[in-house]
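What follows is one structure encoded as structure tokens, with my remarks underneath.
Number of protein chains: 2
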Amino acid sequence: MSQQRHGNTPGKTGAVPAFPDLPEATIARLPEYLRALHNLAETGADTVSSEGLAAAAGVNSAKLRKDLSHLGSYGTRGVGYDVALLIDQIEYILGLDQRRAVALVGVGNLGHALAGYDGFASRGFRIVALFDADPERVGKPINGLLVRHIDELGRAVVEEGITIGVIATPAGAAQGVADELVTAGVTSILNFAPCVLSVPAGVDVRKVDLAIELQILSFHEHRKASLTALPGGRAEQAGNQEAVGS
Amino acid sequence: MSQQRHGNTPGKTGAVPAFPDLPEATIARLPEYLRALHNLAETGADTVSSEGLAAAAGVNSAKLRKDLSHLGSYGTRGVGYDVALLIDQIEYILGLDQRRAVALVGVGNLGHALAGYDGFASRGFRIVALFDADPERVGKPINGLLVRHIDELGRAVVEEGITIGVIATPAGAAQGVADELVTAGVTSILNFAPCVLSVPAGVDVRKVDLAIELQILSFHEHRKASLTALPGGRAEQAGNQEAVGS
DNA sequence: AGGCGCTTGTGAAGGCGTGCACAAATCGCG
DNA sequence: CGCGATTTGTGCACGCCTTCACAAGCGCCT
Chain R
1 MSQQRHGNTP GKTGAVPAFP DLPEATIARL PEYLRALHNL AETGADTVSS
51 EGLAAAAGVN SAKLRKDLSH LGSYGTRGVG YDVALLIDQI EYILGLDQRR
101 AVALVGVGNL GHALAGYDGF ASRGFRIVAL FDADPERVGK PINGLLVRHI
151 DELGRAVVEE GITIGVIATP AGAAQGVADE LVTAGVTSIL NFAPCVLSVP
201 AGVDVRKVDL AIELQILSFH EHRKASLTAL PGGRAEQAGN QEAVGS
Chain G
1 MSQQRHGNTP GKTGAVPAFP DLPEATIARL PEYLRALHNL AETGADTVSS
51 EGLAAAAGVN SAKLRKDLSH LGSYGTRGVG YDVALLIDQI EYILGLDQRR
101 AVALVGVGNL GHALAGYDGF ASRGFRIVAL FDADPERVGK PINGLLVRHI
151 DELGRAVVEE GITIGVIATP AGAAQGVADE LVTAGVTSIL NFAPCVLSVP
201 AGVDVRKVDL AIELQILSFH EHRKASLTAL PGGRAEQAGN QEAVGS
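Structure representation (structure tokens):
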């Protein structure tokens, strides 16, 4: 119902395109490396060792080396990685050299905050349009941008060259908005609504559910409490630093 | 630096505690199942098949059955799962039967929205205290709760029985806040600041970085664009619905 | 020029998670 | 009361990811 699983992995179409098909796990870590690299660049470092960068990104150094090797990275043995070069490499792979235009749908409590979030602009994204279904909100300016009615979405996507849509509506409205985004030509969706979206093949959906994160923490709290309460509980579990991202 | 990896998996301490050690991947999906179950309960359904629940949660039915079997779940062959019973089971496992007290640190742009987010209260959490370092913000009410100065954090944690802390400060302040939370006795942290936190063993950290999610989408956009531009690109990639969570 | 120390890149092994496919179990109906 | 339809629970195989350990390469110092 939600998503077909493309049961059979399609056999290689033959010629490998000029794009490295990186493991998903690696892709999910590249942004973290990128952030760490920007920090290092600000401190004036020219090169980093895999050990140093791994520490800054919170991962194992072997993992980092393997990740970077996947994208055919240029490091120098005995020296390390060139910070500036690596930044360019990763930004190119992530497609951040072009500042992507993003549409945000739903300017309620959470959406309002997202519209004003600095982190997007500073990391390669421009929120170029805000939408809402509530007439009360339409026309109001947020962070220098006017909220438009959702009916204008189709036109705006084409005019502004929008490729990514962010859904911050209530759960009940999310599927409808997703459908409209897809119809308008958006092929990547970031969904903050607590529900499963159904989209056609070729459209990527990532979901962020804030309550789920808390519930996972709650589980670990529950577990820790039940362990320390028990006699044999040696409480040897290490705090694990888990990051989101598939 | 960031976190030790407890290199050797500790040999079974002997008696397995009265707590199932579920795979992390399963734990991350339980909240999604729970949400789907609540939806089903509202529609008046008494039982669900694994197929039906899996569709509602956006996963494979086999995976769902295996997940539920891990927590020794009670389903009935030929019938399905008892919705109400399963809700209780999962809520117990996740430790949601007790409404956990949460402290939120940093009521800037994002923190303000989190403080007013309905989704927390409706899914088993109470934000009981807000903190900020900015005197300008201290004393102001947000959603019926007064913002306190961060210096009061230690006392509040004890008095209010807080076990989970949410960090929504700028990156530069996050590590300091994390240290204070840990000192105060908090053992679970949800970090929205774009940085790696270093915490002692026994403390769990989960990180949500909104920009990273967009960057991952950007990668897929970049990949799709380069594929469709190529001659051999059959564009048979299926839209993958990926959820956050380790 | 040669050797030494440091760091990358990677082959191999192990672990974890996923998904298939089927046996076991339960209900309902004739 | 027995049989068939339905659905759960799980053994098994496969693939991905992680981690270790080490050879290959690079720069520096003597």
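Residue numbers (UniProt numbering), protein chains in the order written: chain R, 1 to 246; chain G, 1 to 246.
Idealized CB from N, CA, C, for every residue including glycine.
Using 8 Å for Cβ pairs, my map puts residue i next to residue j. What's the rounded Cβ distance?
i, j, result
"residue 174/G", "residue 193/G", "4 Å"
"residue 163/R", "residue 221/G", "5 Å"
"residue 213/G", "residue 208/R", "6 Å"
"residue 124/R", "residue 96/R", "4 Å"
How about residue i and residue j: do their beta carbons lie closer than 8 Å?
i, j, result
"residue 105/R", "residue 186/R", "no"
"residue 215/R", "residue 53/G", "no"
"residue 149/R", "residue 131/R", "yes"
"residue 206/R", "residue 190/R", "yes"
"residue 41/R", "residue 101/R", "no"
"residue 81/R", "residue 75/R", "yes"
"residue 37/R", "residue 86/R", "yes"
"residue 90/G", "residue 153/G", "no"
"residue 168/R", "residue 114/R", "yes"
"residue 171/R", "residue 129/R", "no"
"residue 57/G", "residue 32/G", "yes"
"residue 188/R", "residue 217/G", "yes"
"residue 117/G", "residue 109/R", "yes"
Who are the near neighbours of residue i in its chain, counting only those whose CB is closer than 7 Å to its CB and skipping five residues on each side?
i, result
"residue 26/R", "67, 70"
"residue 49/G", "80"
"residue 19/R", "none"
"residue 121/G", "none"
"residue 65/R", "50"
"residue 284/R", "Not covered by the structure: residue 284/R. The range shown for chain R is 1 to 246."
"residue 107/R", "115, 130, 132, 137, 142, 147"
"residue 219/R", "none"
"residue 63/G", "none"
"residue 47/G", "79, 80, 81, 82, 83"
"residue 247/R", "Residue 247/R lies beyond the residue range present for chain R, which begins at 1 and ends at 246; the question has no answer from this structure."
"residue 200/G", "182"
Among the residues of its own chain, which have a CB less than 8 Å from the CB of residue i, if the five just before and after it don't count?
i, result
"residue 141/R", "147"
"residue 99/G", "124, 125, 126"
"residue 14/R", "At residue 14/R the pLDDT is 37, less than 50, meaning the model places this residue with poor confidence and gives no usable figure here."
"residue 45/R", "83"
Need the endpoints of the alpha helix (DSSP H) that residue i sits in, please.
i, result
"residue 67/G", "61-70"
"residue 83/R", "83-93"
"residue 52/R", "50-57"
Determine the extent of the beta strand (DSSP E) in which residue i is found, giving its start and end residues.
i, result
"residue 35/R", "Element bounds for residue 35/R: not the beta strand (DSSP E) but the alpha helix (DSSP H), 24-42."
"residue 206/G", "204-207"
Return the chain-ordered list of same chain residues with a C-beta closer than 6 Å to the C-beta of residue i, the five sequence neighbours on each side being excluded.
i, result
"residue 177/R", "105, 167, 169"
"residue 34/R", "90"
"residue 183/G", "none"
"residue 204/R", "188"
Given the structure, does residue i come close to the ligand PLP, in the sense that its CB is under 7 Å from one of the ligand's heavy atoms?
i, result
"residue 203/G", "This structure does not include the ligand PLP; it has no bound ligands of any sort."
Exercise for the section: List in chain order: all unbroken beta strand (DSSP E) runs of 3+ residues lying wholly within the UniProt domain "CoA-binding" (95-196) of chain G. Expected result: Runs found: 100-105, 125-132, 145-149, 162-167, 188-191.
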